[in-house]
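Okay, so here's the structure we're looking at.
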Amino acid sequence: MKQSASNRKVNEQAREVIASILLFDVSDPRLHLVTITGCEVSYDRSACNVYYTTDPERYADVQAAFEQAAGHIRSLMAKKLSWRVAPELRFHRDKSVDQAEAIGAALASEREHQQQRIVEETIGEDREF
Numbered sequence: 000m001k002q003s004a005s006n007r008k009v010n011e012q013a014r015e016v017i018a019s020i021l022l023f024d025v026s027d028p029r030l031h032l033v034t035i036t037g038c039e040v041s042y043d044r045s046a047c048n049v050y051y052t053t054d055p056e057r058y059a060d061v062q063a064a065f066e067q068a069a070g071h072i073r074s075l076m077a078k079k080l081s082w083r084v085a086p087e088l089r090f091h092r093d094k095s096v097d098q099a100e101a102i103g104a105a106l107a108s109e110r111e112h113q114q115q116r117i118v119e120e121t122i123g124e125d126r127e128f
């Protein structure tokens, strides 16, 4: 979906405020080391999809913590922003980070495989019969 400059600004403003709240105002240890990768605020600002990432083994704990703290985060967000409405927060795991790591691992494996093949071919050329 095409975004206008004002919509991108609203999304970035929401991301910065939520990240700041997690860093300074929320004391739940399950939400430490969580990165907010993006936000999508609806046109009427009634809903906000928040995308996050963390260590893969912590996904379930972090999702449960977000579900528990959503109301508190929303009220703190309303105090920090001058919007008419405090948006309903929906937290989603950002799968693009995991996909990027999988692609990076596959490329590294392929590079290693090609280097091994080059070494084997070079060793084969040095043999004398």
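Mind the numbering: the sequence shown is residues 0 to 128 in numbering that gives the first Met the number 0, read in order. Each residue gets a CB set at the ideal place from its N, CA and C atoms; glycine is no exception.
Provide the residue(s) that pair with residue i in DSSP beta bridges, ordered along the chain.
i    : result
I135 : Shown here, the chain extends from 0 to 128; a query on residue 135 therefore has no answer.
V40  : C47
Looking at the unbroken beta strand (DSSP E) that takes in residue i, where does it start and where does it end?
i   : result
L88 : E87 to R92
How would you write the range of the alpha helix (DSSP H) that residue i sits in, first residue to last?
i    : result
Q62  : Y58 to K79
S204 : Beyond the ends of the chain as shown, which are 0 and 128, falls residue 204; an answer cannot be given.
Rounded C-beta distance between residue i and residue j? I'm assuming under 8 Å.
i    : j   : result
V40  : I72 : V40 to I72, Cβ: 14 Å. No contact.
L116 : P86 : The question names Leu, but residue 116 is Arg in the sequence shown. Actually they do not touch by this definition, with Cβ atoms about 54 Å apart.
L88  : A69 : 5 Å
Three CB pairs or more closer than 8 Å across the region 112-122 and the region 65-84: no
Contact between the region 56-65 and the region 26-44 (3+ Cβ pairs under 8 Å): yes
Cβ contact check for the region 46-63 and the region 101-115: 3 or more pairs under 8 Å: no
Inter-stretch contact (C-beta, 8 Å, three-pair minimum) for the region 44-51 and the region 90-98: yes
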